[in-house]
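Those sequence lines, one after another, are chains R and L. Number 150 in the UniProt record's numbering belongs to position 150 of the first sequence; there are no gaps in the numbering. Number 176 in the UniProt record's numbering belongs to position 176 of the second sequence; there are no gaps in the numbering. Think of the CB as a built atom: it goes at the ideal place given N, C-alpha and C, for glycine as much as any other residue. Since we're looking at a predicted model, the values are computed, not measured.
There are 2 protein chains.
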Amino acid sequence: MQKTLQDGRQHIVGLLVEGDMFGRVLGGTLDVAIEAATDAEVCAFRRAPFETLLAQSPELDRLVLVSVLTELDRARDWMIILGTPRIRERLAGFLLVLCTRFATTDNLLRARGTALDVVVPINRTDLAHLLGTRPESISRAFHALADTGCITLRKPDLIGILDLEALAAEAGEDELKGRATLKFLLASVQARASKSSG
Amino acid sequence: MQKTLQDGRQHIVGLLVEGDMFGRVLGGTLDVAIEAATDAEVCAFRRAPFETLLAQSPELDRLVLVSVLTELDRARDWMIILGTPRIRERLAGFLLVLCTRFATTDNLLRARGTALDVVVPINRTDLAHLLGTRPESISRAFHALADTGCITLRKPDLIGILDLEALAAEAGEDELKGRATLKFLLASVQARASKSSG
DNA sequence: CGAGTCTTTGAAATGGCTCAACTAAGGTGG
DNA sequence: CCACCTTAGTTGAGCCATTTCAAAGACTCG
Chain R
1 MQKTLQDGRQ
11 HIVGLLVEGD
21 MFGRVLGGTL
31 DVAIEAATDA
41 EVCAFRRAPF
51 ETLLAQSPEL
61 DRLVLVSVLT
71 ELDRARDWMI
81 ILGTPRIRER
91 LAGFLLVLCT
101 RFATTDNLLR
111 ARGTALDVVV
121 PINRTDLAHL
131 LGTRPESISR
141 AFHALADTGC
151 ITLRKPDLIG
161 ILDLEALAAE
171 AGEDELKGRA
181 TLKFLLASVQ
191 ARASKSSG
Chain L
1 MQKTLQDGRQ
11 HIVGLLVEGD
21 MFGRVLGGTL
31 DVAIEAATDA
41 EVCAFRRAPF
51 ETLLAQSPEL
61 DRLVLVSVLT
71 ELDRARDWMI
81 ILGTPRIRER
91 LAGFLLVLCT
101 RFATTDNLLR
111 ARGTALDVVV
121 PINRTDLAHL
131 LGTRPESISR
141 AFHALADTGC
151 ITLRKPDLIG
161 ILDLEALAAE
171 AGEDELKGRA
181 TLKFLLASVQ
191 ARASKSSG
């Protein structure tokens, strides 16, 4: 799992998880830096052969296109999150995205009774950059969310999500109401909960 | 020229200009709404035939991929802009993006002596949504920038850019220093200025 | 000219930023 | 095994920017 960041006044513009692709396939290079936030296995392709392969295989080509389209959707989701002036809201949105992205992994998201434990793989400073604020505000926002009872801080980087819907409400319920994300996540949680309890 | 917006608590996530493509080519639909901010000519393709065409023509396929990659880069640029807590900075960044996007058009960006007149094709409320703030703050930010002398408000939706570099500085000079955007824009301005004065 | 919309302005309250100190946790060396 | 040191996270207080609520100008269209 990794994060991409941009130089200058460093600003994180995305997170990558297992199975994600990154890089600029055609014309031009990526002007963001990729940095591993956890241990990671990276599979790299040389540009020229890859582009040849792309030209030969419609399946691969389609795969790449879908991957980029998905990434674009995610970038837009980030924009929604960044759009709010309230830090609590942004953090809540971030946690939701994190859960959704980690839904397919087992080591970073785990059911714990009725709660859902999620690992925050970056520190407060990086998280602050990601959400466009300061580490202090992130810390306060975490504790503010904990005070409302929707999450609990088991460790600084291990968040227990006690009430997913309340968290979604904190993130601005309207935003997520119409999206499949939350439903998917809820279903995923149910599945995990029943799996762990059964 | 158009804007894409997302339902719920409306939030604008991008701007489209002449020649831009939009839509979700493969797998799934676009979950953002597209709305025309100015008169526009739209060229639409039916999904199935277009995908067939895509499969048959590597050139078209490549074009689409590049288009999406470019859109992704733009989305990341937006994220940078949205990342700052200072509204003035966001607005300055927005104006810079606007100029860059309009550099190829003639009706929305025009040289006027040493200045550069740019049309802001959306109202304060939409702009506020785009930059994650309120209309009042947008208005104040405009006038704050005008007070520094880098821009002037000819009309509410017609901004005269008097000092592009100062504006870039307001947008956070470090951010833009390393990017080709500003240089390109400056060159474009020079060309226009000399063309209009000659 | 009037109605409606959009923009601007004002004043008060909130929230986030800044600076600074304090606490907790992990690692190192005696 | 403990003291020390370093890093990361938290907490506090004051200040400033932005939000909020309210209302007054400007512009457009009929």
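Check, Outcome
"Does LEU16 (chain L) come out as helix, strand or coil in the three-state DSSP assignment?", "strand"
"Assuming ILE161 (chain R) is part of the beta strand (DSSP E), what are its boundary residues?", "158-161"
"Just to check my reading of the structure: GLY23 (chain R) and LEU30 (chain R) have Cβ atoms closer than 8 angstroms, yes? What is that Cβ distance to the nearest angstrom?", "6 angstroms"
"May I ask you to list the residues that DSSP assigns as paired with ALA115 (chain R)?", "R:ARG112"
"How many angstroms separate the CA atom of ARG90 (chain L) from the CA atom of ILE122 (chain L)?", "16 angstroms"
"For a test of the three-state rule: what should DSSP assign to ILE138 (chain L), helix, strand or coil?", "helix"
"If you draw a straight line from the C-alpha of ALA37 (chain R) to the C-alpha of ASP106 (chain L), how long is it?", "45 angstroms"
"Check whether the stretch 136-145 of chain R touches the stretch 111-118 of chain R, counting contact only when three or more Cβ pairs, one atom from each stretch, lie closer than 8 angstroms.", "no"
"Consider the Cβ of ALA115 (chain R): report whether some Cβ of chain L lies at a distance smaller than 8 angstroms.", "no"
"Taking only beta-carbon positions, decide if GLU71 (chain L) is within less than 8 angstroms of chain R.", "yes"
"According to DSSP, is ILE80 (chain R) helix, strand or coil?", "helix"
"Look at the alpha carbon of ILE159 (chain L) and the alpha carbon of LEU153 (chain L), and state the distance between them as a whole number of angstroms.", "5 angstroms"
"Which same chain residues end up closer than 8 angstroms to LEU167 (chain L) when comparing Cβ atoms and leaving out the 5 residues on each side of it in sequence?", "ALA92, LEU95, LEU96, LEU145, CYS150, ILE151, ILE161"
"Which chain L residues are close to ASP61 (chain R), counting only those with a beta carbon under 7 angstroms from its beta carbon?", "ASP61"
"Would LEU96 (chain R) pass as an interface residue toward chain L - the criterion being a Cβ-Cβ separation below 8 angstroms?", "no"
"Would ILE151 (chain L) count as contacting chain R if we go by Cβ distances under 8 angstroms?", "no"
"Report all residues from its chain with a CB closer than 7 angstroms to the CB of ARG46 (chain R); omit the five preceding and five following residues, and keep chain order.", "none"
"Rounded to whole angstroms, what is the Cα-Cα separation between GLU59 (chain L) and TRP78 (chain R)?", "31 angstroms"
"Using the beta-carbon of each residue, which ones in chain R are nearer than 8 angstroms to ARG47 (chain L)?", "Correct list: empty, because the minimum Cβ distance to chain R is about 14 angstroms."
"Can LEU82 (chain R) and GLY19 (chain R) be called in contact, C-beta distance under 8 angstroms?", "no"
"With distances taken Cα to Cα, identify the nearest neighbour of ASP117 (chain R) among R:THR125, R:ARG124, R:LEU108.", "R:LEU108"
"What does LEU65 (chain R) touch in chain L if you count any residue whose Cβ is under 8 angstroms from its own?", "VAL25, LEU26, ASP61, VAL64, LEU65, VAL68"
"What did DSSP end up calling THR152 (chain L) once you bin it into helix, strand or coil?", "strand"
"Quick one: does GLU18 (chain L) have its CB under 8 angstroms from some CB of chain R?", "no"
"With a threshold of 8 angstroms between beta carbons, is residue 231 (chain R) in contact with chain L?", "Missing from the structure shown is residue 231 (chain R); chain R here goes from 1 to 198 and no further."
"Need the endpoints of the beta strand (DSSP E) that ALA33 (chain R) sits in, please.", "33-36"
"Between GLU41 (chain L) and ILE34 (chain L), what straight-line distance do the alpha-carbon atoms span, to the nearest angstrom?", "13 angstroms"
"What does the Cβ neighbour count give for GLY172 (chain R), buried or exposed, with the cut at 16 atoms within 10 Å?", "buried"
"With a threshold of 8 angstroms between beta-carbons, can VAL32 (chain L) be considered close to chain R, or not?", "yes"
"What first and last residue would you give for the alpha helix (DSSP H) that runs through LEU167 (chain L)?", "164-170"
"Out of R:VAL25, R:ASP39, R:THR70, R:LEU72, state which residue places its alpha-carbon closest to the alpha-carbon of LEU53 (chain R).", "R:VAL25"
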